[in-house]
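See below for the structure under consideration.
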Amino acid sequence: MQGMTDQQFHAALTGLAADFGAWDRAAVVTACTTAGWTVDDDDEIADIPGAERGGWMSDNDHRTDPGAPEYDAVGMYVGHAEPDQFPTYLAAAIEVWGEPSMFGGSRNVFVRWRDKVTFRELSMDHSGEINLRAASTEVFEEWDYRAWDFEDDLTEVPFTWMGDKDGPGMDGFAMGEKVVSNWDDVAEALKNTLLDVQLGMWALGTADPDPELGPDRLVITLQADTDLDEEDEQDDEDRDASTVDSDLKVQIVLYPDTLLLLVSDGDDWQDELTAKGFKPYGDGVQARDYTADPTAITEAAQLTAIFLRHFGFESPGEVTHDSWRHPSPYSYFTLTCVGVPESS
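Per my numbering, the sequence shown starts with residue 762, numbered consecutively.
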């Protein structure tokens, strides 16, 4: 581990446990100075022991109501670590902040502690960078709502997956689902989700193997939207009833270190299956095993989109997905960024 010492990290957690009031500037500055941190005129926070880059405050760019929070977050870089070292940071955060409310991924792995006014977060990105922040619940819930429905950029998705362990502080929490309109974005959404879930497996651990179902893994199945009827089509112009055989499927099975991609047999795409290294798997399916590094996960996500098109789907609007993770370390687990809607 590189960065803060244990004592410095504990002090940073304690500082972010402060009361930030209604997230007006005076309350935020008071919380920071009470922690012993200096806030300059540019809202940079200095003098945080062990924080090589200092800290930061961000104002609420979407503020239109004078009564809304002026600021939306305070945060800092903590250090670098390997994913298997993340539980040490998490244990320290639980000691100060209590039991977490939710777990998830957003180009990282994060753990959040929520209350009605402020949420706190410990996160690690894919490079191993660890950050802490406290943020306005009101501002980020409004941002999440806009991002699910109105932001086209997949990097703006609030989170790709979430899980909870019956923790506190989820009152009023709302969640969306990112649906895209082109195949490149389907591949990108799948890639982002798989990478985030994998990092979560490494950093937060996996469930013990089930005697019947085997080890913890994520399974995503993409196939025709068989539940979409004419009335649904009239209500949702972005979704189309599919003429593709509902037995045709692409399935992704992700373990912490390996990935299995399964594709339905078909004469029209057999040459590509062979060229891409797929082998007969039984029951009308061919499969390819990967060591699940970022390059392999990217390729598997791209091939998923390619074979869905080979099946005859004209647009992602004809496709739905089912996903499950069992055994799972979470009482509730769901994906929010597969690119196509969850089947009803």
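In this text, a Cβ means the ideal position worked out from N, Cα and C, and glycines have one as well.
Give every residue of the same chain whose Cβ lies closer than 6 angstroms to the Cβ of residue i, excluding the five residues on either side of it in the sequence, and list them in chain order.
i	result
Phe847	Met885, Ala964
Glu882	Phe871, Arg873, Arg894
Val958	Trp922, Leu979
Lys897	According to the sequence provided, residue 897 is Ser. The question's Lys does not apply to it. Trp784, Pro830, Asp833, listed in sequence order.
Asp971	Pro1088
Ser1104	Thr1081, Asp1083
Met863	Arg873, Met923, Asp925
Phe1094	Gly924, Arg1086
In or out: residue i buried (at least 16 other Cβ within 10 Å) or exposed?
i	result
Phe911	exposed
Asn943	exposed
Gly1038	exposed
Lys939	buried
Leu1064	buried
Arg1086	buried
Lys952	buried
Arg875	buried
Glu805	exposed
Thr954	buried
Gly1043	exposed
Pro919	buried
Gln1031	exposed
Gly776	buried
Ser1092	exposed
Met962	buried
Thr879	buried
Ala1036	exposed
Gly1045	exposed
Which partner residues of residue i appear in the DSSP bridge assignment?
i	result
Met818	Val835
Met863	Arg873
Phe901	Note: Phe901 sits in no beta bridge, so no partner.
Val980	Val1014, Trp1085
His887	Paired residues: none, contrary to the question.
His841	Gln763, Glu890
Val800	Ile806
Tyr711	The requested residue 711 is not part of the displayed model; the chain covers only 762 to 1105.
Gly1100	Val940
Ala853	Looking at the DSSP assignment, Ala853 forms no beta bridge with any residue, so it has no partner.
Thr879	Ser897
Ala985	Val1080
Asp971	Gly975
Excluding the five sequence neighbours on either side, which residues of its own chain have a C-beta within less than 7 angstroms of the C-beta of residue i, listed in chain order?
i	result
Gly836	Gly816, Trp817, Asn892, Leu893, Arg894
Gly840	Met762, Gln763, Gly764, Met765, Ile891
Thr1019	Asp1050, Tyr1051, Thr1052, Ala1053
Glu843	Gly889
Ile809	Ala773, Trp798, Gly815, Gly816, Met837
Val1101	Val940, Val947, Leu983, Pro1077, Val1080, Thr1081, His1082
Glu917	Ala908
Thr1059	Lys952
Ala792	Ala779, Asp780, Phe781
Apart from the five residues just before and just after residue i, which ones in its own chain have a Cβ nearer than 8 angstroms to its Cβ?
i	result
Leu974	His1087, Pro1088
Ile855	Pro861
Gly859	Trp874, Pro929
Leu915	Lys939, Val941, Asp946, Glu949, Ala950, Asn953, Cys1098
Pro1090	Gly924, Lys926, Leu965, Gly966, Thr967, Ala968, Asp977
Asn869	Ser884, Met885, Asp886, His887, Asp957, Leu960
Contiguous beta strand (DSSP E) assignments of at least 3 residues, all confined to the segment 915–955: 922–925
Taking three-plus beta-carbon pairs below 8 angstroms as touching, is the segment 1010–1023 in contact with the segment 971–980? yes
Unbroken stretches of the alpha helix (DSSP H), 4 residues or longer, contained in the segment 999–1075: 1031–1036, 1055–1072
Pair every Cβ in the segment 764–772 with every Cβ in the segment 815–826, then say whether three or more of these pairs are closer than 8 angstroms. no
Do the segment 1047–1055 and the segment 1069–1084 touch if we need at least three Cβ pairs shorter than 8 angstroms? no
Quick test of the definition: if touching needs 3 or more C-beta pairs under 8 angstroms, does the segment 1073–1093 touch the segment 901–917? no
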